[in-house]
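So the structure is just underneath, and the comments pick up after that.
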Amino acid sequence: MPDLKKLFVVALIAGAFALAMPLSAQGMGGGKGGYGGKGGYGGKGGYGGGTGQKGPSGGQDWRKKAEDEIGWGEDGTEERIEPGDTVDKDAKEERLEAEADKLGLEDKKIRKDFIKYGKLGWDKAEKEDSRWAKVYKKVKDDEEALKKEQEKHKEKLDEAWADADEDQLKKEVLTEEQLEQFKKNTEDLRKETATDKSARQDEIRARKVEEYKKRASEWAKGGAGGGDDNEVKKEKKDEEGEDSADSDKEKKDSED
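Position one of the sequence shown corresponds to residue 3 (this note's numbering), numbered consecutively onward.
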């Protein structure tokens, strides 16, 4: 029996494309994100999008329905992240408090300084992402220019965290071993900014849209759910072929 939920998604997308409304790979929400997942994006920063073309059933928005079903990320459960999104102050402190616990920082002053310098690095990284978001939108369709700007972004992102990391050592907030552990624990912040995450979500969304378009096309042709019937027919044909071969063999043996 076919998966009804998958068929529902495919049907929605088939309807959306039948109305000549290609699915958008980018939402239009954004603003400051709440605390969600490792990077702290999500919550307030969900995606919106235009109203889209209305479907035939009482003004239902087929495009948004289909987008909602696909979601964001590989499993479709991620909050949408927009280029230049930021994480609010409270969410940063919550994350850094958790990092302080991982490092075993118990002294109140040391924890306070650790969070202060951690936020300093994070804020600089977001400032770099604000610059990168503008550049990315200009060069994202130019593969050569994009690659060049990505390298520049990576260098600037490393620099954004470097000063704060150095202060953690100079002020004797962290030992070298603790700093290395902190860097490892916060790779999700140091290697990807909101714009990087947004671009990755777009790539995943575009791939999934193509996959669903293919399924929708097959479904529209009557392919959905037809796989089981085809398998039964194939097995029946194979069995008939085997029976015929056995019959011919028995006939030949009797003649001999």
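Cβ coordinates follow ideal geometry from the N, Cα and C atoms, glycine included.
Whole-angstrom distance between residue j and residue i, CA atom to CA atom
i, j, result
"residue 101", "residue 173", "18 Å"
"residue 287", "residue 78", "Not covered by the structure: residue 287. The range shown for the chain is 3 to 258."
"residue 200", "residue 85", "6 Å"
"residue 146", "residue 193", "21 Å"
"residue 113", "residue 181", "13 Å"
"residue 202", "residue 155", "15 Å"
"residue 207", "residue 136", "21 Å"
"residue 230", "residue 96", "Low per-residue confidence applies at residue 230: pLDDT is 48, beneath 50, and the placement is therefore not dependable, though the value from the model is reported in the following sentence. Taking the straight line from one Cα to the other gives about 51 Å."
"residue 94", "residue 163", "15 Å"
"residue 204", "residue 140", "16 Å"
"residue 211", "residue 218", "10 Å"
"residue 89", "residue 81", "13 Å"
"residue 160", "residue 67", "40 Å"
"residue 183", "residue 209", "35 Å"
"residue 223", "residue 83", "36 Å"
"residue 71", "residue 179", "45 Å"
"residue 99", "residue 195", "20 Å"
"residue 166", "residue 104", "19 Å"
"residue 33", "residue 216", "Its pLDDT being 39, under 50, residue 33 is placed unreliably by the model, and the measurement read from it follows with that caveat. Taking the straight line from one Cα to the other gives about 34 Å."
"residue 118", "residue 149", "33 Å"
"residue 144", "residue 158", "21 Å"
"residue 134", "residue 191", "15 Å"
"residue 214", "residue 169", "50 Å"
"residue 121", "residue 151", "25 Å"
"residue 92", "residue 142", "32 Å"
"residue 185", "residue 123", "11 Å"
"residue 74", "residue 153", "26 Å"
"residue 35", "residue 138", "The predicted position of residue 35 is uncertain, since its pLDDT is 41 and thus under 50; a value taken from the coordinates is nonetheless stated next. Their backbone Cα atoms lie some 20 Å apart in a straight line."
"residue 76", "residue 87", "20 Å"
Supposed contact pair residue j and residue i - C-beta distance, whole angstroms, cut 8 Å
i, j, result
"residue 197", "residue 131", "5 Å"
"residue 176", "residue 116", "7 Å"
Residues that DSSP places opposite residue i in a beta bridge
i, result
"residue 141", "According to DSSP, which records beta bridges pairwise, residue 141 is partnered with nothing at all."
Residue i CB to nearest heavy atom of the ligand GDP below 6 Å
i, result
"residue 135", "Because no ligand of any kind appears in the structure shown, any question about the ligand GDP cannot be addressed here."
Which whole runs of the alpha helix (DSSP H) in the segment 181 to 226 are 4 residues long or more, in chain order? 189 to 192, 196 to 222
Would you be able to state if there are at least three C-beta pairs under 8 Å between the segment 126 to 134 and the segment 105 to 114? no
What residue ranges within the segment 88 to 163 form continuous alpha helix (DSSP H) runs of no fewer than 4 residues, ordered along the chain? 91 to 104, 110 to 141
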